[in-house]
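Residue numbers (my numbering), protein chains in the order written: chain W, 4 to 759; chain Z, 29 to 211.
Listed below in structure tokens is the structure:
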């Protein structure tokens with residue numbers, strides 16, 4: 004990846020975050036209750052996207068974000084009243100911006116006219132405000148990329164424009180006027196070493212940062228500039244004198260911060276001008292609380308003589324900084340204030356995965372050593388044993404911390420839901436309140452990403468099917484607005500997510516009659532309430548009388564269940580008629596490890612995912628029945644279950660063939676059908692690290708993935724649904740390659756279960 | 029895990045003694061029974077002693093199974109079985125050559141490492157015109173004479189391209205190989 008595309012990637016990553024910020028802000032924006040901080044945040048987000056886009060030459064993107072920004076600016080200036088309509092327009096604009104970013108990311112031009120509607124809407128909003136002058140000037144000619152550039156200090160591409168303007172301004176006003184009474188004038192001599200640029204620093208950023216602190220007059224010294232012929236373009240030959248007039252509260256350490264990273268590579272002198280006496284005296288008192296004279300409070304804390312120099316930045320930074328003595332070097336304040344920056348870094352996911360891998364290896368190696376040492380008689384190598392115990396503890400801790408790096412709060416998913424609720428509510432004409440809790444519950448990134456679709460479906464479903472219309476609710480004595488509650492919490496090593504609504508609950512009579520009508524259930528079957536509730540997860544089931552825009556296409560809850568199952572999770576529903584329903588998802592915290600049962604067949608060992616296992620049993624001969632001499636069935640928990648010999652399917656020699664001498668593990672696939680897997684032995688439950696078989700080889704029938712057991716050997720993780728497919732086709736004949744994906748499953752099997 | 033050595037220790041001194049001028053490629057040669065084969069050293073990642081494999085179900089006998097290579101799972105192919113000589117009876121002295129083929133890492137089981145050869149392109153003879161029903165010449169890149177031994181140079185990409193199945197049926201092979209590349 005070359006440098007530019009790397010920067011681009013960073014830009015897109017950051018833009019995605021900014022869009023999310025903007026969207027979250029927009030959704031909180033309500034008429035009559037405008038939080039200016041929120042508005043500013045949205046404005047800044049849009050502005051930053053525009054600025055970066057300009058730097059990369061995405062002119063369509065810049066033109067559009069400019070329109071967006073113009074409106075936000077007017078909102079910021081309170082020139083446009085915040086109305087629901089405006090918010091809708093802005094949300095739409097945010098979507099379009101996301102779309103434009105996507106186009107830019109793919110390197111394709113946006114289709115012509117893609118933004119027209121939204122731009123028109125934005126301009127209407129502007130026109131409606133009567134903010135005529137600004138409104139008409141800017142929008143009519145969408146500015147090219149370059150015009151975004153001179154806008155203000157945040158534009159990356161504007162560095163030189165800014166710096167030159169500053170220099171020119173400095174030239175023009177030769178004679179500095181005395182600073183206003185409440186401001187302090189600093190003289191900063193910034194003389195970087197000539198190799199400053201080589202370390203990736205950019206003086207223009209610092210100059211720009213200084214300008215943000217106040218009015219800066221910047222003079223660039225060209226004295227050291229060599230002749231063109233001698234010029235080494237990679238070296239820096241310039242130095243600057245900056246006269247900064249800033250508010251008194253802008254302290255010395257704010258200026259030090261600007262030079263924090265270059266202090267070692269530069270000669271920096273910062274002096275507060277000794278202006279009129281009236282100015283130098285006030286700063287300390289101005290900042291200190293009026294009732295505590297600053298001199299007194301400080302000398303009380305600090306030994307005499309060290310007052311000014313040692314005053315810590317945290318207590319009273321401004322006052323102390325102003326006194327901080329002329330001529331001290333710029334680097335001094337940096338360390339103390341590093342704490343103000345955020346302590347996060349962006350790390351490539353691959354790097355973390357490599358780390359996770361290595362830690363997994365360590366765990367296995369450690370288990371291996373432990374296994375070898377078990378044979379040593381107790382009392383011998385006492386210290387080695389103790390050391391090993393510590394190692395075990397540390398590796399466990401290490402593994403947990405590495406896993407936690409991949410963990411993300413579910414808030415990134417939850418935060419998308421208000422938008423969804425808003426749209427669904429508008430579409431259905433219902434009033435909906437969304438309440439969330441436990442947003443900060445953390446779970447593996449992959450799980451978080453895969454939660455979006457199921458949750459979207461479930462919330463749609465709750466609003467569309469669960470909640471009643473406002474009038475109906477009123478008749479029933481409920482508040483007009485229904486509530487959907489979304490919560491997350493950790494429970495016994497899993498994350499449990501609940502979607503609760505206070506709607507009408509599942510209409511069991513209707514569900515049952517629908518299921519019978521669709522042939523999913525035999526007429527006359529007697530089913531418990533719970534069983535009826537769970538019918539909604541069957542493929543092809545939908546109770547909506549009309550196919551609505553939202554749900555009701557019959558692809559809802561069965562897809563949800565499939566998605567959740569593929570993440571190793573389970574879904575359940577609890578419903579009380581008239582009071583509402585509660586959907587409960589339980590998911591593993593990570594997809595990197597899996598709770599499994601280690602089984603053996605012949606000399607091979609396999610891992611069965613615990614979520615698939617119902618029970619294991621050793622059948623008596625009387626429990627086994629031959630079914631038309633083709634295969635065996637076993638009576639387990641009141642139903643007949645087909646027996647499948649794993650060693651037949653996989654062609655494993657030296658395995659136990661007689662189910663009464665081995666074990667039968669009763670497994671259940673995601674769609675609820677059961678199999679009796681005949682194995683030699685069940686070795687025990689274990690948490691295993693999931694490893695891909697496909698990255699270096701390929702997918703195999705009946706195998707979900709692989710793992711490495713404590714002795715360093717590889718064991719395959721079984722895919723129960725795949726095994727069932729194999730056993731259907733190859734029969735139990737074994738050995739042969741199982742044919743490629745299969746005929747659609749016969750309908751009877753999974754359904755019959757419901758009728759038993 | 030168990031015995032694993034880097035290439036530098038395998039006949040490293042010999043490699044140094046050979047001329048390393050530009051046009052010559054280096055090959056690692058190894059024996060399977062009485063025959064000697066060579067693969068380009070650039071595709072060899074490491075050479076390790078035999079560790080017991082875990083079997084994979086329902087695959088041809090030349091797919092021995094998978095092993096754990098420092099946390100990644102790689103398949104092991106039995107070169108003897110691949111060339112129709114039946115499955116190798118492994119001992120501790122057998123060796124796995126771990127190779128990088130495209131994005132994938134895989135190991136081939138051979139009897140022993142024999143040499144490191146510097147071979148210029150001019151000294152590689154084309155494989156003789158053999159009945160394609162007898163030998164699939166695609167995975168042979170040429171023949172080389174080292175002293176009085178014949179070394180068969182293997183085209184690793186091709187050798188593994190047909191790993192998925194039944195080499196009597198090239199069409200289905202290709203289909204599987206293609207589908208394998210797009211997971």
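For each residue, glycine too, the CB sits at the ideal point set by N, CA and C.
Just so you know, these numbers come straight off a predicted model, no measurement behind them.
Is any beta-carbon of chain W found at less than 8 Å from that of residue 82 of chain Z? Against chain W, the CB of residue 82 of chain Z has a partner CB under 8 Å away; the residue lies at that interface.
Where do the N-terminal and C-terminal ends of the alpha helix (DSSP H) with residue 445 of chain W fall, by residue? Annotation: residue 445 of chain W is outside any alpha helix (DSSP H); the continuous beta strand (DSSP E) that includes it extends over 445-447.
Between which two residues does the beta strand (DSSP E) carrying residue 96 of chain Z extend? Looking at the DSSP string, the run of the beta strand (DSSP E) that includes residue 96 of chain Z is 91-97.
Report the neighbours of residue 133 of chain Z on chain W: residues whose CB is nearer than 9 Å to its CB, in chain order. Per Cβ cutoff of 9 Å: 698, 699.
Enumerate in chain order the residues of its own chain whose CB-to-CB distance from residue 518 of chain W is below 6 Å, with the five nearest sequence positions on each side excluded. Closer than 6 Å at Cβ, skipping near neighbours: 524, 538.
Count the C-beta pairs between the stretch 97-108 of chain W and the stretch 17-28 of chain W that are closer than 8 Å, then say yes if the count reaches three, no if not. Three or more pairs of CB atoms, one per stretch, sit closer than 8 Å, so the stretch 97-108 of chain W contacts the stretch 17-28 of chain W.
I need the straight-line Cα distance from residue 708 of chain W to residue 492 of chain W, nearest angstrom please. In a straight line, the C-alpha of residue 708 of chain W is about 28 Å away from that of residue 492 of chain W.
Cβ neighbour criterion (16 or more within 10 Å) applied to residue 512 of chain W: Residue 512 of chain W should be labelled exposed.
Under 8 Å, with one C-beta from each stretch per pair, do the stretch 676-683 of chain W and the stretch 579-598 of chain W reach the 3-pair mark? No, they do not touch.
Could you tell me the boundaries of the alpha helix (DSSP H) in which residue 369 of chain W lies? Counting along the chain, the unbroken alpha helix (DSSP H) around residue 369 of chain W starts and ends at 352-376.
Could you have a look at residue 9 of chain W and say whether DSSP puts it in helix, strand or coil? Helix at residue 9 of chain W.
Identity of the residues DSSP links to residue 106 of chain Z by a beta bridge: Partner(s): Z:137.
Within 10 angstroms of the Cβ of residue 76 of chain W, are there 16 or more other Cβ atoms? Answer buried if so, exposed if not. Residue 76 of chain W comes out buried.
Residue 592 of chain W beta carbon less than 8 Å from that of residue 498 of chain W: It is a contact, given that the beta carbons lie within the stated cut-off.
C-alpha gap between residue 171 of chain Z and residue 685 of chain W, whole angstroms: Across the structure, residue 171 of chain Z and residue 685 of chain W are spaced so that their CA atoms are roughly 52 Å apart.
Is the number of C-beta pairs between the stretch 564-583 of chain W and the stretch 633-645 of chain W that are closer than 8 Å three or more? Counting Cβ pairs under 8 Å, fewer than three are found: no touch.
Consider the Cβ of residue 711 of chain W: report whether some Cβ of chain Z lies at a distance smaller than 8 Å. The Cβ of residue 711 of chain W sits closer than 8 Å to at least one Cβ of chain Z.
Is residue 703 of chain W close to chain Z? Criterion is C-beta to C-beta, closer than 8 Å. Chain Z contact via Cβ: present.
Give me, in chain order, the residues of the same chain whose beta-carbon lies closer than 8 Å to that of residue 79 of chain W; leave out the 5 immediate sequence neighbours on both sides. Closer than 8 Å at the Cβ level, and outside the excluded window around residue 79 of chain W, lie 39, 42, 43, 46.
Host beta strand (DSSP E) of residue 602 of chain W (start-end): Segment 596-604, the beta strand (DSSP E) holding residue 602 of chain W.
Minimum Cβ-Cβ distance from residue 255 of chain W to chain Z less than 8 Å: Not a single CB atom of chain Z sits nearer than 8 Å to the CB of residue 255 of chain W.
List, in order along the chain, the chain Z residues whose C-beta lies closer than 9 Å to that of residue 657 of chain W? Chain-order list of chain Z residues neighbouring residue 657 of chain W: empty, with the shortest C-beta distance near 12 Å, by a criterion of under 9 Å.
Taking Cβ positions only, does residue 403 of chain W come closer than 8 Å to chain Z? It does not; no Cβ of chain Z falls within 8 Å.
Are the C-beta of residue 99 of chain Z and some C-beta of chain W separated by less than 8 Å? At least one chain W Cβ lies under 8 Å of residue 99 of chain Z.
Looking at the unbroken beta strand (DSSP E) that takes in residue 575 of chain W, where does it start and where does it end? Segment 573-579, the beta strand (DSSP E) holding residue 575 of chain W.
Taking the DSSP output, what are the residues bridged to residue 153 of chain Z? Residue 153 of chain Z is bridged to Z:171.
Comparing C-alpha positions only, which one of W:502, W:610, W:246 sits nearest to residue 574 of chain W? Answer by Cα proximity: W:502.
Assuming residue 140 of chain Z contacts residue 79 of chain Z (C-beta within less than 8 Å), just tell me the rounded distance between them. 16 Å between Cβ atoms; not a contact.
Where does the unbroken beta strand (DSSP E) through residue 270 of chain W begin, and where does it stop? Segment 269-275, the beta strand (DSSP E) holding residue 270 of chain W.
Can you find the residues in the same chain that come closer than 6 Å, C-beta to C-beta, to residue 51 of chain Z, ignoring five residues on each side of it along the sequence? So the list reads 148, once near-sequence residues are dropped.
Quick check: is the beta carbon of residue 125 of chain Z nearer than 8 Å to any beta carbon in chain A? Reference to chain A is not applicable here, since the protein chains of this structure are W and Z.
Within the chosen definition, does the stretch 429-438 of chain W reach the stretch 382-389 of chain W through at least 3 CB pairs nearer than 8 Å? Taking one beta carbon from each stretch, the stretch 429-438 of chain W and the stretch 382-389 of chain W have fewer than 3 pairs nearer than 8 Å; the two do not touch.
Residue 85 of chain Z: first and last residue of the uninterrupted beta strand (DSSP E) it sits in: Per DSSP, residue 85 of chain Z belongs to no beta strand (DSSP E) and is neither H nor E.
Please list the partners that residue 360 of chain W has in chain Z, where partner means a Cβ-to-Cβ separation under 7 Å. Going along chain Z in sequence order, the residues near residue 360 of chain W (Cβ under 7 Å) are 99.
Using the Cβ count rule (16 or more neighbours within 10 Å means buried), how would you classify residue 433 of chain W? Its Cβ being crowded by 16 or more others within 10 Å, residue 433 of chain W is buried.
Taking the straight line between their C-alpha atoms, what separation do you get for residue 10 of chain W and residue 55 of chain W? For the pair residue 10 of chain W and residue 55 of chain W, the Cα-to-Cα distance works out to about 10 Å.
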